[in-house]
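Student:
In our numbering, the protein residues as written are 1055 to 1374.
1) Starting from residue 1344, trace the alpha helix (DSSP H) both ways and give me its first and last residue.
2) Among 1118, 1220, 1135 and 1144, whose alpha-carbon lies nearest the alpha-carbon of residue 1067?
3) Please report the straight-line C-alpha distance between residue 1276 and residue 1183, rounded to a whole angstrom.
4) Please look up how many angstroms separate the CB atoms of residue 1264 and residue 1236, rounded, as I've assumed it's under 8 Å.
5) List the DSSP bridge partners of residue 1295.
6) Taking Cβ to Cβ, would you say residue 1062 is nearer than 9 Å to residue 1144?
7) Residues bridged to residue 1275 by DSSP?
8) What residue does the alpha helix (DSSP H) around residue 1119 start on, and which one ends it?
9) Would a C-beta distance cut-off of 9 Å place residue 1229 and residue 1298 closer than the cut-off?
10) Under DSSP, the alpha helix (DSSP H) around residue 1230 begins and ends at which residues?
11) What does the alpha-carbon distance come out to for the pair residue 1135 and residue 1304?
12) Taking the beta carbon of residue 1354 as the centre, do at least 16 other beta carbons fall within 10 Å, making it buried, or is it exposed?
13) Grab the span of the beta strand (DSSP E) containing residue 1285 for me, first residue to last.
14) For the putative contact between residue 1322 and residue 1283, defined by C-beta atoms under 8 Å, what is the C-beta separation to the nearest angstrom?
15) Residue 1332: buried (16+ other C-beta within 10 angstroms of its C-beta) or exposed?
16) Any contact between the stretch 1069-1077 and the stretch 1102-1118? By contact I mean 3 or more CB pairs, one from each, below 8 Å.
17) Over the uninterrupted alpha helix (DSSP H) stretch that includes residue 1073, give me the two end residues.
18) Determine the direct distance from the alpha carbon of residue 1308 to that of residue 1405, and round the result to whole angstroms.
19) Please classify residue 1267 as buried or exposed, where buried requires at least 16 neighbouring CB atoms within 10 angstroms.
20) Please report the straight-line C-alpha distance between residue 1270 and residue 1176, rounded to a whole angstrom.
21) Tell me residue 1317's beta-bridge partners as DSSP assigns them.
22) What's the C-alpha gap between residue 1125 and residue 1158?
23) If distances are taken between C-alpha atoms only, which option among 1188, 1170, 1219 and 1139 comes closest to residue 1243?
24) Using the DSSP secondary-structure output, state which residues sit across from residue 1163 in a beta bridge.
25) Taking the C-alpha atoms as reference points, what is the distance between residue 1225 and residue 1104?
26) May I have the straight-line CA-CA distance separating residue 1204 from residue 1166, to the nearest angstrom?
27) DSSP state of residue 1242, grouped into three classes?
28) In three-state DSSP terms, what is residue 1225?
See below:
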């Protein structure tokens, strides 16, 4: 079994950012990543200063190169379980040990069951207007009511286009106050269940209702559930929380979970975080992990020095 200072579970922006900081701190780090990033369907990522418009795959490849440049190891594998003493078993059959664990496994998008929706995800079926709104600006846009935050999302999307339609789908009637706010911003509201999407030439052209009517739209925003990919943390007993946007792992300001020696960062902790925020959280957690390891090493050194002094004063040999 190979032992590391830190095991990083998940190799996205948060995990690689943390591994970079830890590698520069001369820690032995292993990043385990299955190679299925959440933003893989997207052609570009946005909002990351100096990397705006970069392809997600290129961003991760550059991050891996940087991590390896400081001695970090990356395994294209999956953590199956983490047991006592942070002994982790990987899908390949390999077993590794670590003094600390950082989980950066992100989240899973739970999309509504609408025909054709999943096939367009990350292209013209979108979630975050800050990530993709600029690219679809001034076009006919739709918002599918699929969460308690649907009205909020529709009013937000209105910032990028003056032609926005909120599809109520299965949401039921809106309160009068919500209708008033939407009307004030000229957001159209369409009742009735959405049956599917209309695609022409590999481009979204409309939203088809169960009635057969089609509303012309060129992009559709969906506020589906966001479920933390926290299998490894759940097995360790880490505390989770939930809200309108889904579930996430509870951590303190430094990324520490409720389990001693285990940290978490990125979307598994903050579902709405963009790539740049996930990277920052990974960096912050790494610094705290390194600090905790330094404290443990210093405490051990103090105890060893005390033992040595005690043994010397008693005139007995002290084993190394």
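Beta carbons are placed, not taken as given, at the ideal position from N, Cα and C, and that holds for glycine.
Tutor: In short, the structure shows the following:
1) Start and end: 1329-1367.
2) The shortest Cα separation from residue 1067 among 1118, 1220, 1135 and 1144 belongs to 1118.
3) In a straight line, the C-alpha of residue 1276 is about 10 Å away from that of residue 1183.
4) So it is not a contact: roughly 22 Å between Cβ atoms.
5) The secondary-structure analysis by DSSP pairs residue 1295 across a beta bridge with 1302.
6) Contact: no.
7) The secondary-structure analysis by DSSP pairs residue 1275 across a beta bridge with 1180 and 1197.
8) Looking at the DSSP string, the run of the alpha helix (DSSP H) that includes residue 1119 is 1110-1123.
9) Contact flag unset, no.
10) For residue 1230, the enclosing alpha helix (DSSP H) stretches over residues 1230-1238.
11) In this structure, the alpha-carbon of residue 1135 lies about 20 Å from that of residue 1304.
12) By the 10 Å Cβ count, residue 1354 comes out exposed.
13) Taken as a continuous stretch (DSSP letters only), residue 1285 belongs to no beta strand (DSSP E), being part of the alpha helix (DSSP H) at 1285-1290.
14) Right, their Cβ atoms sit about 6 Å apart.
15) Looking at its Cβ environment, which holds 16 or more other Cβ atoms inside 10 Å, residue 1332 is buried.
16) Result yes; three or more Cβ-Cβ pairs closer than 8 Å.
17) In the DSSP annotation of this structure, the continuous segment of the alpha helix (DSSP H) that includes residue 1073 starts and ends at 1067-1078.
18) Outside the shown range of the chain, which is 1055 to 1374, sits residue 1405, and nothing can be said about it.
19) Exposed, since its Cβ has fewer than 16 Cβ neighbours within 10 Å.
20) When rounded, the distance between both Cα atoms is 19 Å.
21) Beta-bridge analysis with DSSP links residue 1317 to 1156 and 1310.
22) Taking C-alpha positions only, residue 1125 is separated from residue 1158 by approximately 20 Å.
23) Answer by Cα proximity: 1219.
24) When beta bridges are read from the DSSP output, residue 1163 appears opposite 1280.
25) The C-alpha of residue 1225 lies about 40 Å from the C-alpha of residue 1104.
26) Their Cα atoms are separated by approximately 13 Å.
27) Here residue 1242 carries a strand assignment [DSSP, helix/strand/coil].
28) Residue 1225 sits in coil when the DSSP states are folded into three classes, being neither helix nor strand.
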